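Residue numbers (my numbering): 14 to 157.
Backbone N, C-alpha and C fix where the C-beta goes; we use that ideal spot for every residue, glycine too.
This one's a predicted model, so the numbers in the text were calculated from it and none came from an experiment.
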């Protein structure tokens, strides 16, 4: 992993409950939407006796999850909509071959009821370039 901050978080689909399961240390959380910001990797353990045998890992500070009730709240809906706009190719797990179509990514993942999607880089506008203008400074010195 690129960062050693936080604990290792494991995300996989929990088939019995039809939601995403997030494991951090000895705690388990469930959500309909999970957003991973930044670097992630996949792991597969074919020799494991029970499911899941494949999952996604990231650091705990990169993971945000929402139950369905929270996902409908306006203050959280914006985060989900932003991630949906950045969603690209689908991350797929092949149960028969126990493999993922991708092994890692650097911009994040969105787990939704429709599946897991790789996130494109976040488009940023540099707000600092609009805060200062050299012409403003020149006008101020010429006025004095």
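Assigned exposure category for residue i - 16 Cβ within 10 Å defines buried
| i | result |
| --- | --- |
| residue 34 | buried |
| residue 41 | exposed |
| residue 45 | buried |
| residue 65 | buried |
| residue 28 | exposed |
| residue 85 | exposed |
| residue 109 | exposed |
Residue i vs residue j beta-carbon contact at 9 Å
| i | j | result |
| --- | --- | --- |
| residue 24 | residue 122 | yes |
| residue 131 | residue 102 | yes |
| residue 43 | residue 95 | no |
| residue 53 | residue 128 | no |
| residue 90 | residue 120 | no |
Cβ shell of residue i (< 6 Å), same chain only, five flanking positions each side left out
| i | result |
| --- | --- |
| residue 13 | Look at the range of the chain in this structure, 14 to 157, and you will see that residue 13 is not part of it. |
| residue 36 | 23 |
| residue 79 | 44, 46 and 89 |
| residue 48 | 77, 96 and 123 |
Close Cβ partners of residue i (< 7 Å) along its chain, the five nearest in sequence each way excluded
| i | result |
| --- | --- |
| residue 18 | 72 and 74 |
| residue 106 | 67 and 113 |
| residue 125 | 46 |
| residue 50 | 75 and 121 |
Collapsed DSSP secondary structure at residue i in the structure displayed
| i | result |
| --- | --- |
| residue 74 | helix |
| residue 136 | coil |
| residue 127 | coil |
| residue 92 | helix |
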